[in-house]
Amino acid sequence: MSLEVPKKLEREINRLVKNYPEKRSASLMVLHALQEEFGYISTEAEEWAAARLELKSINIHELVTFYPMLRQQDPGRTVVRVCRTLSCALAGSAKLHGHICKRLGLDADAPGLQRTKDGKYGVEYAECLASCGTGPVMMCNDDFYENVSNDGADEILKKYDE
Amino acid sequence: MPKETKLVLKHADEAGYTNDIGCYLKHGGYRTLKKAFRLKPKKVKGAVVTPQEAIRREVLASGLRGRGGAGFSCGMKWNFVNRKSGKPIYLICNADESEPGTFKDRQIIYKDPHQLIEGMILSCYANDVKLAYIYIRGEFPEGAKILNHAINEAKANGFLGKGICGTKYNLEIHVHRGAGAYICGEETGLIESLEGKRPYPRIKPPYFPAALGLYMCPTIVNNVETLCNVRNVLAMGGNAYAALGTPNNTGTRIVSLSGNVKRPGYYEIEVGKATLGELIFHKNFGHGLHDGRKLQAIIPGGSSSKVFRAGEKFDIKSKDKRGEVVEQKLDLLDIPYDFDTLMKCGSMSGSSAIIVLDDSVDIIEVLGNLSDFYAHESCGQCTPCREGSLWMAKALKRMRSGQARKGDAGYLRHIAHNIQGRTVCAFGEACSWPVLSFVDKFRDDFEQRGAEDETRLAKRGAEATTR
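As they're listed, the protein sequences go chains A and B. Here the working numbering is used: the first sequence runs in plain steps of one and ends on residue 153. Here the working numbering is used: the second sequence runs in plain steps of one and ends on residue 1704.
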């Protein structure tokens, strides 16, 4: 099965590829664009990207398996990433993570990304999100939130419930 | 009285200051750029100095040191660039801010992106760069949008693209997003990532970016704050910039303060003009610890720097005004926050991120948290780091779950010693220095935890056999 890439996205990818003297350089940006469209990088998407950039599939696969932000499975419609590194940990990020997991019926102690059954949410820990002065911080997809209390998290998540 | 001196963050937090080009121009933005493009070749002692050379000399004279972590002279870095290779020269802005504790570049990118763009154009012009990239970490999606918007605005105003400011100079800047890997902040790893590969750092020599960087061409990699400071150096003149701060530690620097302080935040100071103690306790900065708490430790320059234990004293040698070597006794809190003194005290200012730890925190828990970070972020290229970072994290996980052993301190030291100096890049040091310094300076905590757990487990074992 091959990937159906919308015309608009194809134009965007053509624009991105032109930004580099060598096509391979565009790999990460192309993968970001594909992930934004499809939610994750499927094997078909890997193959499509490899063909577009005149690479072997392994050249793309090795990136998808390396970079934490690239997903091989659907991580859920809203991905909540709670920073777990030192300053946020001191500010209570474990409590925040636990609270969010409890609210969504997920196991806070299970390793890796945890997805709700309805596919609405994926929750995981992230390494330092570079806002250590305003911990605990978290991201919901591309949106960034700082000084998040448990009540604050409830309010924030309401926005993504729909 | 120690105070902030705002140069890079001069306008960022002013009420009404926005990140669009109109606001930037109103505040004198791109004036330095226009001035630079009006420079003409000059004759100095019979030799012709090009405008580009003049800019580079100014930056060297300013004493500006890299703000990313290594603190290497920016002017020297530029001087190392091979300009005779016949290959294009590239410039990359390292906006992969991800050293735990650091959150200064975020402020610049989100609040004053044009300052960075102007600094980049000046640096590119000075080094004959025609194509430049901003490598921004994947977790700053909004930042990438802001930068792209700023680039388009700069283009529309004739500061980027073809024939900049009416000259024959052309320059393109593109934003390249990372995808959540700390190792991409290491300059050769960053270059590999930008080439579309796994970000495995390259070995130096021979792969010094100044000679064999992006696409094996000469490449300059500078941090966001450094590039902003290039603009400030050229706006005020190299010597005036060098007059700020302290000798060999010139200019201003943004310090990120976090952890157990009343007022965490980012504070721009003249380098060396405030002490560690002032940054933590003074009302202009951190405002002290939470009520009733005592200082336990300070991580002075990002999580990779060696920790200081409260109450430490240092004997350091420095040169006085006449150039004579003098010995000095220094208390931890009296260390001036600069590049050189922190090095002399056995740590570093790194990315200028201070994490304060009070007596409420469990030191083993703190080291475990950091080791988890490094175990997650090791790229896996070099065996000592790939395996060792994980072993250390596992040992600490065991220690944190009530199964510490008396020998753990020695075990951790042993692993760390087998990593540092044995890897392609400085990540090996970055993951082993915290372990070595925490274990050495808090050895009693580690040994006590080991003894307690061993006694308890032995007792439980004995009870089980007699039952």
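Glycine residues also receive a C-beta, built at the ideal position from the N, C-alpha and C atoms.
Residue i (DSSP reduced to helix, strand or coil)
i	result
B/Lys1277	coil
B/Gln1533	strand
B/Pro1239	coil
B/Arg1546	strand
B/Ser1584	coil
A/Gln63	coil
B/Glu1507	strand
B/Ser1540	coil
B/Gly1305	coil
B/Arg1410	Note that residue 1410 of chain B is Ile in the sequence shown here, rather than Arg. Strand, per DSSP.
B/Asp1257	coil
B/Asp1349	coil
B/Val1470	helix
B/Asp1595	strand
A/Val(-4)	coil
B/Tyr1452	helix
B/Gln1657	coil
B/Ala1363	helix
A/Arg106	strand
B/Val1318	coil
B/Asp1286	Asp is not the amino acid found at residue 1286 of chain B; the sequence shown has Val there. Correct three-state label for B/Val1286: strand.
B/His1248	coil
A/Asn10	coil
B/Tyr1437	coil
B/Cys1668	helix
B/Asn1521	coil
Residues bridged to residue i [DSSP beta-bridge criterion]
i	result
B/Ser1555	B/Val1563
B/Asn1486	B/Thr1483
A/Cys131	A/Val71, A/Asp134
B/Leu1328	B/Ala1369, B/Ile1457
B/Ser1493	B/Tyr1503, B/Ala1590
B/Ser1310	B/Arg1302
B/Thr1512	B/Pro1573
B/Gly1398	B/Leu1408
A/Tyr112	A/Thr69
B/Val1498	Paired residue(s): none; B/Val1498 is not in a bridge.
A/Ala117	A/Cys74
B/Asp1568	B/Lys1550
Spatially closest choice to residue i from the options, by CA coordinates
i	options	result
B/His1613	B/Tyr1419, B/Val1318, B/Lys1341, B/Ser1555	B/Tyr1419
B/Ser1608	B/Asn1459, B/His1386, B/Gly1625	B/Gly1625
B/Asp1599	B/Arg1659, B/Leu1570, B/Glu1666, B/Gln1533	B/Gln1533
B/Val1661	B/Leu1301, B/Ile1258, B/Leu1397, B/Thr1425	B/Thr1425
B/Phe1377	B/Phe1340, B/Gly1403, B/Val1366, B/Leu1359	B/Phe1340
B/Ile1410	B/Arg1294, B/Gly1417, B/His1386	B/His1386
B/Thr1395	B/Ile1506, B/Met1580, B/Ile1354	The identity of residue 1395 of chain B in the sequence shown is Gly, whereas the question assumes Thr. When only C-alpha atoms are compared, the closest one is B/Ile1354.
B/Arg1343	B/Glu1379, B/Asn1316, B/Leu1526, B/Lys1643	B/Glu1379
A/Arg15	A/Leu46, A/Met130, A/Ile91	A/Leu46
B/Gly1266	B/Val1245, B/Gly1283, B/Val1544	B/Val1245
B/Tyr1452	B/Gly1306, B/Pro1325, B/Val1676, B/Lys1634	B/Pro1325
A/Ala117	A/Lys108, A/Asn132, A/Gly124	A/Asn132
B/Pro1573	B/Ile1592, B/Arg1530, B/Gly1514	B/Gly1514
B/Asp1596	B/Gln1565, B/Asp1682, B/Ile1656	B/Asp1682
B/Thr1287	B/Cys1454, B/Pro1278, B/Ala1298	B/Pro1278
A/Ala17	A/Arg43, A/Ser(-7), A/Lys(-1)	A/Arg43
A/Val71	A/Gly124, A/Ser84, A/Ser78, A/Cys123	A/Ser84
B/Ile1373	B/Ile1358, B/Pro1350, B/Ala1393	B/Pro1350
B/Pro1671	B/Arg1294, B/Phe1610, B/Gly1529, B/Ile1491	B/Phe1610
A/Lys150	A/Thr69, A/Val(-4), A/Glu38	A/Thr69
A/Gln26	A/Tyr58, A/Gly89, A/Gly124, A/Gly126	A/Tyr58
B/Cys1402	B/Leu1270, B/Phe1317, B/Glu1251	B/Leu1270
B/Ser1322	B/Ser1430, B/Gly1450, B/Lys1240	B/Gly1450
B/Gly1529	B/His1519, B/Lys1543, B/Val1498	B/Val1498
Query raised in the report: Going along the region 1358 to 1383 of chain B in order, which residues come within less than 8 Å of chain A, judged by CB to CB distance?
Result: Under the 8 Å Cβ criterion, the region 1358 to 1383 of chain B contributes Leu1368, Arg1374, Gly1375, Glu1376, Phe1377, Pro1378, Glu1379.
**Report entry** Positions along the region 1591 to 1622 of chain B whose CB lies within less than 7 Å of some CB in chain A
**Finding:** Interface annotation for the region 1591 to 1622 of chain B against chain A: Ile1592, Val1598, Val1603, Asn1606, Leu1607, Phe1610, His1613, Glu1614, criterion Cβ-Cβ distance under 7 Å.
Query raised in the report: What are the residues of the region 1489 to 1510 of chain B that lie near chain A, defined by any Cβ-Cβ distance shorter than 7 Å?
Result: Ser1493, Leu1494, Ser1495, Gly1496, Asn1497, Pro1501, Gly1502, Tyr1503
Requested in this report: Using a Cβ-Cβ cut-off of less than 8 Å, give me the residues of the region 1430 to 1445 of chain B that come near chain A, in sequence order.
Outcome: Ser1430, Leu1431, Glu1432, Gly1433, Lys1434, Arg1435, Pro1436
Query raised in the report: For the region 1327 to 1338 of chain B, which residues have a CB atom closer than 8 Å to at least one CB atom of chain A, in sequence order?
Result: Look at the region 1327 to 1338 of chain B: the residues with a C-beta under 8 Å from a C-beta of chain A are Glu1334, Ser1335, Glu1336, Pro1337, Gly1338.
Report task. Determine which residues of the region 43 to 59 of chain A have a Cβ less than 7 Å from any Cβ of chain B, and write them out in chain order. Result -> Glu53, Leu54, Phe57, Tyr58, Pro59
Requested in this report: For the region 2 to 13 of chain A, enumerate the residues whose C-beta is nearer than 8 Å to any C-beta of chain B, in chain order.
Outcome: Asn10, Tyr11, Pro12, Glu13
Requested in this report: Identify each residue in the region 105 to 132 of chain A for which the Cβ-Cβ distance to at least one residue of chain B is less than 8 Å, and report them in chain order.
Outcome: So the close ones are Ala117, Glu118, Cys119, Leu120, Ala121, Ser122, Cys123, Gly124, Thr125, Gly126, Met130.
Query - Interface positions of the region 17 to 28 of chain A facing chain B (Cβ-Cβ less than 8 Å), listed along the chain - result: Ala17, Ser18, Leu19, Met20, Leu22, His23
Query - Length-filtered (4 minimum) alpha helix (DSSP H) runs lying within the region 1600 to 1641 of chain B - result: For secondary structure counted as the alpha helix (DSSP H) over 4 or more consecutive residues, the region 1600 to 1641 of chain B holds these complete runs in sequence order: 1600 to 1614, 1620 to 1637.
Report task. With 7 Å as the limit, tell me which residues of the region 1378 to 1412 of chain B have their beta carbon closer than that to any beta carbon of chain A; keep them in chain order. Result -> Pro1378, Glu1379, His1411
Query raised in the report: Looking at chain B, which residues of the region 60 to 81 of chain A have a Cβ within less than 7 Å of any of its Cβ atoms?
Result: Those residues of the region 60 to 81 of chain A that come within reach of chain B (Cβ to Cβ, closer than 7 Å) are Met60, Leu61, Thr76, Leu77, Ser78, Ala80, Leu81.
Report task. Pull out every residue of the region 1536 to 1558 of chain B whose Cβ sits closer than 7 Å to any Cβ of chain A, in chain order. Result -> Ser1540
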